[in-house]
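Number of protein chains: 4
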Amino acid sequence: MNKIKARIGILTGGGDCPGLNAVIRAATKAAVHQLGMEVIGFVDGFRGLVDDESFPLTFDTVSNILNQGGTILGTSSRDNFFRVPMGPSQKVPPGKDRLPDALRTFRKRKLQGIICIGGDGTLTVAYHLHRHGLPMIGVPKTIDNDVRLTDVTFGFDSACTVATDAIDRLRTTASSHHRVMVLEVMGRNAGWIALHAGLAGGGDAILIPEIPFSLKRVYEVVRQRSRRGRRYSIIVIAEGAHPKGGSAFISFSPVLSNRPRLGGIGMLLSEQIEKETGLESRATVLGHLQRGGSPSFLDRVLATQFGFAAAGLASQRRYGKMVRFLGGKISTVNLSQVSGRPRNVPLNHPLIVTARALGTSFGD
Amino acid sequence: MNKIKARIGILTGGGDCPGLNAVIRAATKAAVHQLGMEVIGFVDGFRGLVDDESFPLTFDTVSNILNQGGTILGTSSRDNFFRVPMGPSQKVPPGKDRLPDALRTFRKRKLQGIICIGGDGTLTVAYHLHRHGLPMIGVPKTIDNDVRLTDVTFGFDSACTVATDAIDRLRTTASSHHRVMVLEVMGRNAGWIALHAGLAGGGDAILIPEIPFSLKRVYEVVRQRSRRGRRYSIIVIAEGAHPKGGSAFISFSPVLSNRPRLGGIGMLLSEQIEKETGLESRATVLGHLQRGGSPSFLDRVLATQFGFAAAGLASQRRYGKMVRFLGGKISTVNLSQVSGRPRNVPLNHPLIVTARALGTSFGD
Amino acid sequence: MNKIKARIGILTGGGDCPGLNAVIRAATKAAVHQLGMEVIGFVDGFRGLVDDESFPLTFDTVSNILNQGGTILGTSSRDNFFRVPMGPSQKVPPGKDRLPDALRTFRKRKLQGIICIGGDGTLTVAYHLHRHGLPMIGVPKTIDNDVRLTDVTFGFDSACTVATDAIDRLRTTASSHHRVMVLEVMGRNAGWIALHAGLAGGGDAILIPEIPFSLKRVYEVVRQRSRRGRRYSIIVIAEGAHPKGGSAFISFSPVLSNRPRLGGIGMLLSEQIEKETGLESRATVLGHLQRGGSPSFLDRVLATQFGFAAAGLASQRRYGKMVRFLGGKISTVNLSQVSGRPRNVPLNHPLIVTARALGTSFGD
Amino acid sequence: MNKIKARIGILTGGGDCPGLNAVIRAATKAAVHQLGMEVIGFVDGFRGLVDDESFPLTFDTVSNILNQGGTILGTSSRDNFFRVPMGPSQKVPPGKDRLPDALRTFRKRKLQGIICIGGDGTLTVAYHLHRHGLPMIGVPKTIDNDVRLTDVTFGFDSACTVATDAIDRLRTTASSHHRVMVLEVMGRNAGWIALHAGLAGGGDAILIPEIPFSLKRVYEVVRQRSRRGRRYSIIVIAEGAHPKGGSAFISFSPVLSNRPRLGGIGMLLSEQIEKETGLESRATVLGHLQRGGSPSFLDRVLATQFGFAAAGLASQRRYGKMVRFLGGKISTVNLSQVSGRPRNVPLNHPLIVTARALGTSFGD
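Below, the structure is given as structure tokens:
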């Protein structure tokens, strides 16, 4: 008699992130090769779940995707299918609740559980669904590195690699031209990328959301270097960094306040520096380049471990858990502990201490 | 009896460009190793000449700079030392004429001639100085590839490589997210980078200054792909591209008109697309990343040949010439023919014909 | 009444080469989008033709392959299906002639012609088939750049980029260690890669098949640099380079003569240098790294133009031609002129002249 | 009255490793900027110490070296200046003991202590010198990741990045050609690089020194994939991997046994596979490419932290210590605990477990 195999689903939610395919591949291969399970992938995150759009994941479908950026399943960053409190305000979004549709798909596809790869928002929804009868396993994902309960997630190393490479490129141009170069990197709430890439790229000032900066102090950094004969300065700024008494700074320009998506802070800062110090200054906004491309070596390793661990949890029916990397190893934590609040850089973080010791300014 | 060696100077002017150091190195090595000349380098372009700031260039000083971006001599993009008609308007800039200072340095340093590496502006000044008694040799340089009289200059291949790599990165993100990605590349007057990188990266639309684009046509491209089930579109736009009846487009937003340096056209286009088509759209502005970093293989080869050719001209006292690459080989042309007008992409350029045949839109 | 569309086939033969997919994509897109033709792809080169294994090429099948290395069609470097004189000896290989099978597939698939992408060997076979009734169009391909009748082919820029990057890497290690670094690059018959990458990477000696080298001269280069205080030397050698009175050198070691595939010449040279000069020496053999990976910007542009041009020839029924890049543009030449003899580097090639002027030794 | 500043020395020993300059820079900057110390750098490792060759390290000398591979101090991998038991055999090398010279330099330069960056060998010497009166601080370094007492060292991430990129390149070629590709990576004693890069690159078999492999099992892996229709196989092998009953394998070829430096195991394995399975197989030996080039983002971060920590120890006169990275943070350990035995991959390492679950073979 043929035993019916357990079947699980996988979906990817939220913003794009290098390593998603590596998780999908590892979970699928482990499930099929070692754990004797079948796997289907939902298309475009929770939309595939509520609309019942999916396809089987096999050794063939996940072949050759390990080094591909993006996600073969698709994702959506505008999910709004469930009535779950979200974000800092914990508001419930309006609209029809598609929970019944999700449950119907789940039963129809005879699933045992779902592996859900995403950031805070996606994982919050996952826990919501879990409580309402859909057994869920979470895999944390964020290039910003600001998910709580885990030391690091895949995507971060790739993003920092792109940002560090950008600093290297700007340095040659800056030094030829006696220029100030401002590089704006991702980090709306937390300064992880700016701090790490700023240290790795040798930025002269690193400005992060956690440490409100003084414009005067930044001008001083730049002027001082110029006086000491340094031909240039490099400033790395997180998109969410803000000056002390920020409103005053932002009121310099009506542009920024109206158009927060323009990558404004870096450009504004660059203009202010040029105006105040008389030194030529140029801004670069990295934007989505930080999310694309092949995952770095390390992100592939981490994502592969996450995928394997998630499949293992599923085969043991340990649902309601999230995999994570803490203290140098993979472990698990309850999905219920996931929270919408981002993980900030602590002010005494070793890299901040190190950077200060080497003479890097944080604008404070 | 000791023969006194001929001595020449080298300077780099205008914007930064990968390959400048390769020219300096090749000219110096050829001069010292083969041609029996001495070389000095002026600091920060023409400023070093008028202020008599220079240092000797030897095998040691040019060691290990071949693969370094930037210029060890420094450059200045705000040169304004001579009363020479410049730019499209052929206006003579105001201020004191420093020609006498340049001549004094030239005599004091006992130079036979100067190799001057730069774009249109720098070469125009070089010809001006040549006519006033400073024997000059020009080496054309521009990442934009818009210098006349030469098929290509070093820096262009490196810039296109950066831009093509950016398209590759954006593609993975675009395809995961069903997004429109707009990439703004350099090219204020001419669309060479956008055309080449757009073709090499497989852009769905390429918008260049030479072909005013219709916004409606761009929306249509994006919508059509969406209807046909394509998950994303990629649009490559030169910073100097403009819509048909451009003023109307620009009047959509007071921002652009006031702030041309914000890398506005790409961001504006992206917002318009999202507003009009309802498809998510994101813009990336590459900016100075295109100028920095190690020169590409090909740019090193070209720059090295230029440097060698320039040193050869100097040793033969063939001044008033510019080296160039035309029809597959290095040749020379009179500096007098250099003109401030940029070289535009002809509308029947083979790459435009090729791109159209493959289904790429130019927005017309 | 429905007009029946013309249908063409595409196949890739010989060694792998970055840009093959770009040719396939461009030919297919141009055929389908502009020229109203259908396209099928034969699997694994001529094998797919004789075994009638193929699949349709459409916008979908060629989507997202532009930046992928390799060939989606597969290739075979051990083709031996036809009785056509090949190689320097012009010997006809033994075995059964599969020409009838090829003709049968051709008729059965109702083809109008075949685009055949490959190196000398593949193109020689293509011409053979053309004369026997299969209308053929050739697209030259070789990372070695040694195909006659064309200035350059796609794949070469990518291979040189990999080799130049390798020199950059070895340089840092060499300079820290006071070492001699020997880099062996591809080029069994011709030294194009060694010459170009050696110049772009600043090699101290470049050894190519066209210029038999003196071991003594190489030792001298290395010793002289050491005496002058240079901390290291870098030697770039083509796999087909050989010493003057080569047999004597090779007899130093029974290894090389028996095992030509071991990447022997670079390793042997390195050992000899260490033995003779007492300076530490290390060899690196790049091997297949030069063939793999995403095609460079320039190779994508060239390959795309080739693919478009080949489809154009097919639609005009101009068979028996090969596309090429000569004097800065795409043109065509008769397949009958293709010859098995490789295109060698002429001894007065501008890059040889340039490299010598800068002090690079060719070991002669 | 002017207080005399404490002065420390820095030296780099052993093989080259990306990140050495980042350590030197961080230690120097922290010493000068924060800790009020002076720094000198010894040239070429211990040789500079015994020969009293050094130069001052200042903000200027360490400017712009963060992203440079190699070491500005130079290193020597043939150190043999002291009579200290070394290596697995704990033999004392012959020759004159230069300890008195080292002590003389130390006193003459008025040093307080020396920061010594190197692998096992260098650190063993450092401890020897420390016991004989030269206060020493150790910074571990090895691209192989096989230093005991620390979870990871800088250089490893860079080396794995190079190796993973190589697998990506070989994959495209392998898949076009139906080939077996064998990649030999560094790791004479331990398989860290092969394991990590093999997992990140998706190798079908990973062969490491810790797990003697069965040739038959490797043939089987390759044949099985071929039978299942996979177009290729990728095998990653550490240079120190060896077959079960290794002597028998090695006796296949007299070459390997005589010439261990030829990167033999990968090439031999490739030949055996081709001979036994009839499938085409090609070997690539990465060699020194793994040591060169700009350090990866992560290695710069780690190296910078190590340099800062080492300077901090010096300023607190906590000599006889080594800095390390354990359990996610920087800490210290006594130099006396350093041992010449390499740190091996444990057989139950999480990455081995993960790789096996995904179907990767270890040849056992």
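Going down the list, the sequences are from chains A, B, C and D.
Just so it is clear: in the first sequence, position 245 is 245 by the numbering used here, and no numbers are missing.
Just so it is clear: in the second sequence, position 177 is 1177 by the numbering used here, and no numbers are missing.
Just so it is clear: in the third sequence, position 47 is 2047 by the numbering used here, and no numbers are missing.
Just so it is clear: in the fourth sequence, position 107 is 3107 by the numbering used here, and no numbers are missing.
All C-beta atoms in this analysis are idealised placements derived from N, C-alpha and C, irrespective of residue type, glycine included.
Within 10 angstroms of the Cβ of residue i, are there 16 or more other Cβ atoms? Answer buried if so, exposed if not.
{"i": "N3145/D", "result": "buried"}
{"i": "P3155/D", "result": "For the sequence presented, residue 3155/D should be read as Gly rather than Pro. Buried, because 16 or more other Cβ atoms sit within 10 Å of the Cβ of G3155/D."}
{"i": "G2095/C", "result": "exposed"}
{"i": "K91/A", "result": "exposed"}
{"i": "F55/A", "result": "exposed"}
{"i": "N3348/D", "result": "exposed"}
{"i": "P2342/C", "result": "buried"}
{"i": "R2291/C", "result": "buried"}
{"i": "S1361/B", "result": "buried"}
{"i": "S3063/D", "result": "exposed"}
{"i": "P295/A", "result": "buried"}
Hey, out of the options, whose CA is closest to residue i's CA?
{"i": "P2093/C", "options": "G2121/C, G2069/C and P2100/C", "result": "G2121/C"}
{"i": "G1320/B", "options": "G1278/B, C1017/B and V1125/B", "result": "V1125/B"}
{"i": "V2139/C", "options": "P2350/C, V2345/C, L2335/C and P2346/C", "result": "L2335/C"}
{"i": "E38/A", "options": "G113/A, S296/A, R282/A and V185/A", "result": "G113/A"}
{"i": "T284/A", "options": "A31/A, N80/A and T164/A", "result": "T164/A"}
{"i": "S2076/C", "options": "A3355/D, S3176/D, V3222/D and L3183/D", "result": "S3176/D"}
{"i": "G2133/C", "options": "V2147/C, A2006/C and A2102/C", "result": "A2102/C"}
{"i": "A2166/C", "options": "L1011/B, V1032/B, N1067/B and F1106/B", "result": "N1067/B"}
Which class does residue i belong to by DSSP, given the choice of helix, strand or coil?
{"i": "G3009/D", "result": "strand"}
{"i": "F3106/D", "result": "helix"}
{"i": "C1160/B", "result": "helix"}
{"i": "N2021/C", "result": "helix"}
{"i": "V2353/C", "result": "helix"}
{"i": "I2143/C", "result": "coil"}
{"i": "V1338/B", "result": "coil"}
{"i": "A3190/D", "result": "coil"}
{"i": "P2295/C", "result": "coil"}
{"i": "V92/A", "result": "coil"}
Along chain D, which residues have their Cβ under 8 Å away from the Cβ of residue i?
{"i": "I10/A", "result": "Neighbours of I10/A on chain D: none; closest Cβ ~15 Å, over 8 Å."}
{"i": "R2282/C", "result": "G3287 and H3288"}
{"i": "R2356/C", "result": "Correct list: empty, because the minimum Cβ distance to chain D is about 27 Å."}
{"i": "I2047/C", "result": "Here the sequence assigns Arg to residue 2047/C, which means Ile is not the residue at that position. Near R2047/C there are no residues of chain D at all, since even the closest Cβ is about 10 Å away, more than 8 Å."}
What does residue i reach in chain B if we use C-beta pairs closer than 7 Å?
{"i": "S176/A", "result": "D1016, G1070, T1071, G1074 and T1075"}
Check the Cβ of residue i against every Cβ in chain D and list those closer than 9 Å, keeping chain order.
{"i": "D151/A", "result": "G3328"}
Using a C-beta to C-beta distance shorter than 8 Å, which residues of chain A count as neighbours of residue i?
{"i": "M1181/B", "result": "H288"}
{"i": "L3111/D", "result": "Those do not exist, as L3111/D stays about 21 Å from chain A at its closest Cβ, beyond 8 Å."}
{"i": "K3029/D", "result": "A357, L358 and G359"}
Please list, in chain order, the chain C residues whose beta carbon lies closer than 8 Å to that of residue i.
{"i": "T3173/D", "result": "D2016, G2069, G2070, H2288, R2291 and G2292"}
{"i": "R3231/D", "result": "G2074"}
So with CB distances below 7 Å, who are the chain C contacts of residue i?
{"i": "R3228/D", "result": "The contacting residues do not exist; R3228/D stays about 16 Å from chain C at best."}
If the cut is a Cβ gap below 8 Å, which residues of chain B does residue i touch?
{"i": "H2033/C", "result": "A1357, L1358 and G1359"}
{"i": "A2006/C", "result": "Those do not exist, as A2006/C stays about 16 Å from chain B at its closest Cβ, beyond 8 Å."}
* Asked: Taking any Cβ of chain B, which residues in the region 158-169 of chain A have a Cβ under 9 Å from it, in chain order?
  -> V162, D165, A166, D168 and R169
* To do: Could you please tell me which residues of the region 320-353 of chain A, in chain order, have their CB closer than 9 Å to any CB of chain D?
  => L326, G327, G328, K329, I330, P350, L351 and V353
* **Within 8 Å of chain E by C-beta, residues of the region 2188-2216 of chain C in sequence order** => The chain inventory of the structure shown lacks chain E, comprising the protein chains A, B, C and D.
* Asked: Name the residues in the region 1286-1312 of chain B whose C-beta lies less than 9 Å from a C-beta of chain C; which are they?
  -> S1294, P1295, S1296, F1297, L1298, D1299, R1300, V1301, T1304, Q1305, G1307, F1308, A1309, A1311 and G1312
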